[in-house]
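One structure is given here, and the rest of the page talks about it.
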Amino acid sequence: MKNTVLFILLFFAFAAKSQDYIPTREDINAFFKTKTLVVLEDNPLLEYNINIRNVMKQEWTITEYDFITSKEFEEKRKDPQ
Numbered sequence: 053m054k055n056t057v058l059f060i061l062l063f064f065a066f067a068a069k070s071q072d073y074i075p076t077r078e079d080i081n082a083f084f085k086t087k088t089l090v091v092l093e094d095n096p097l098l099e100y101n102i103n104i105r106n107v108m109k110q111e112w113t114i115t116e117y118d119f120i121t122s123k124e125f126e127e128k129r130k131d132p133q
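At position 44 of the sequence shown (counting the first as 1) the number is 96 in the working numbering, and the numbers step up by one without a gap.
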């Protein structure tokens, strides 16, 4: 019984700790130097495309941003830069 309780406590302690990541100053600085890419739907008349363009223009001030197609996304997602 003691072993079971100890195992359960250790399991939850490790599981809780594994979720914890605090970014370093370098991580934050690197993030601010990136460009956010917003993937638009293929149909240019969809309401999502119109709304996301407006929202990004009005609200997004953290980094530069650009809009790309899903085809461009497939190419860029393999590029580490």
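The C-beta atom is built at its ideal place from N, Cα and C for all residues, glycine as well. Small disclaimer: the values here were computed from a predicted structure and weren't measured.
Own chain partners of residue i with C-beta closer than 6 Å, once the 5 adjacent residues on each side are dropped
| i | result |
| --- | --- |
| residue 88 | 115 and 117 |
Cβ separation of residue i and residue j, assumed to be a contact under 8 Å, to the nearest whole Å
| i | j | result |
| --- | --- | --- |
| residue 92 | residue 119 | 5 Å |
Host beta strand (DSSP E) of residue i (start-end)
| i | result |
| --- | --- |
| residue 120 | 116-120 |
| residue 87 | 87-91 |
CA-to-CA distance, residue j to residue i, given in whole angstroms
| i | j | result |
| --- | --- | --- |
| residue 113 | residue 121 | 22 Å |
| residue 131 | residue 105 | 24 Å |
| residue 86 | residue 102 | 24 Å |
| residue 76 | residue 124 | 30 Å |
| residue 109 | residue 99 | 16 Å |
Range covered by the alpha helix (DSSP H) that runs through residue i
| i | result |
| --- | --- |
| residue 74 | Looking at the DSSP string, residue 74 is not in any alpha helix (DSSP H), and its letter there is neither H nor E. |
| residue 109 | 99-111 |
Neighbourhood of residue i by C-beta, 8 Å cutoff - its chain only, sequence neighbours within 5 removed
| i | result |
| --- | --- |
| residue 84 | 114 and 115 |
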